[in-house]
Amino acid sequence: NPEPEVHDEL
Amino acid sequence: MNIFRFLGDMTHLISILILLLKIYATKSCSGISLKTQELYALVFLTRYLDLFTDFISVYNTVMKLVFIASSLAIVWCMRNHPLVRRSYDKQLDTFRHYFLLLASFLLALLLHEKFAFQEVLWAFSIYLEAVAILPQLVLLQRSGNVDNLTGQYVFFLGAYRALYIFNWIYRYFIDPHFTRWIACVSGLVQTALYADFFYYYFISWKNNAKLQLPA
Chain A
136 NPEPEVHDEL
Chain B
19 MNIFRFLGDM
29 THLISILILL
39 LKIYATKSCS
49 GISLKTQELY
59 ALVFLTRYLD
69 LFTDFISVYN
79 TVMKLVFIAS
89 SLAIVWCMRN
99 HPLVRRSYDK
109 QLDTFRHYFL
119 LLASFLLALL
129 LHEKFAFQEV
139 LWAFSIYLEA
149 VAILPQLVLL
159 QRSGNVDNLT
169 GQYVFFLGAY
179 RALYIFNWIY
189 RYFIDPHFTR
199 WIACVSGLVQ
209 TALYADFFYY
219 YFISWKNNAK
229 LQLPA
């Protein structure tokens with residue numbers, strides 16, 4: 136599983 | 019950022035401005051669910067903890083601060099402003115929102131992208147936002163008549179959710195690595211909750227009549 140990226144949505 | 023995402027953020031912002039305008043201009047919050055507003059304040063406070071840890075853009079930071087500040091201001095007005103709080107339809111705002119809190123929290127403990135404090139709270143905020151409109155929709159349905167600004171407020175809130183779905187479809191094709199299942203599935207559920215409201219909104223718009231929801 137890839138690391139979750141930053142949450143770029145609001 | 020694509021056009022759907024930007025328009026989604028803008029309709030979200032417009033919905034909040036409409037609500038602030040209604041409260042400021044009429045000194046009344048009739049037709050507005052305090053429970054929904056409190057849930058939104060909690061949604062923003064738990065989701066935007068990343069203000070302290072991740073910097074994405076000036077746009078993101080400013081929007082997050084605006085959403086937190088405006089939601090807290092609305093809750094404060096509805097609870098404490100001497101005129102506004104008198105107009106609150108407390109007897110109609112009876113949805114058991116604690117169940118939504120509990121269910122969202124349990125779901126976040128089970129389904130999250132990573133078991134970490136911030137990630138669990140992020141998932142919690144996504145689940146809670148999906149259902150936070152329910153007390154508002156129930157209040158509108160119980161009161162039957164929907165005043166113009168309240169109707170526009172809910173319409174723009176629903177438009178924001180619909181535009182975010184177009185944003186995800188766009189991202190899915192542009193960026194094959196884009197897989198935000200938690201946000202996307204919750205977003206679909208959230209938008210579906212507006213279907214009924216949209217139906218009556220468009221009927222009233224087509225007939226140029228006042229928005230009325232069936233009891």
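Chains A and B, in that order, give the protein sequences. If you count by the numbering used here, then the first sequence holds residues 136 to 145, one letter each, in order. If you count by the numbering used here, then the second sequence holds residues 19 to 233, one letter each, in order. A virtual CB, placed ideally from N, CA and C, is assigned to each residue, including glycine.
Within chain A, Asp143, Leu145 have C-beta atoms less than 8 Å from the C-beta of Asn78 (chain B), given in sequence order.
Rounded to whole angstroms, Ser89 (chain B) and Asp193 (chain B) show a C-alpha spacing of 32 Å.
In this structure, Val61 (chain B) lies near Ser143 (chain B), with their beta-carbon atoms less than 8 Å apart.
What Asp68 (chain B) touches in chain A, judged by beta-carbon distance under 8 Å, is Val141, His142, going in chain order. At a cut-off of 8 Å between C-beta atoms, Ile221 (chain B) does not count as an interface residue with respect to chain A. Just so you know, the alpha carbons of Leu39 (chain B) and Asp143 (chain A) end up roughly 29 Å apart. A Cβ of chain A is located within less than 8 Å of the beta carbon of Arg23 (chain B). Annotation for Leu120 (chain B): no residue places its beta carbon closer than 8 Å to its own, counting only its chain and skipping 5 residues before and after. Rounded to whole angstroms, Ala210 (chain B) and Arg104 (chain B) show a C-alpha spacing of 33 Å.
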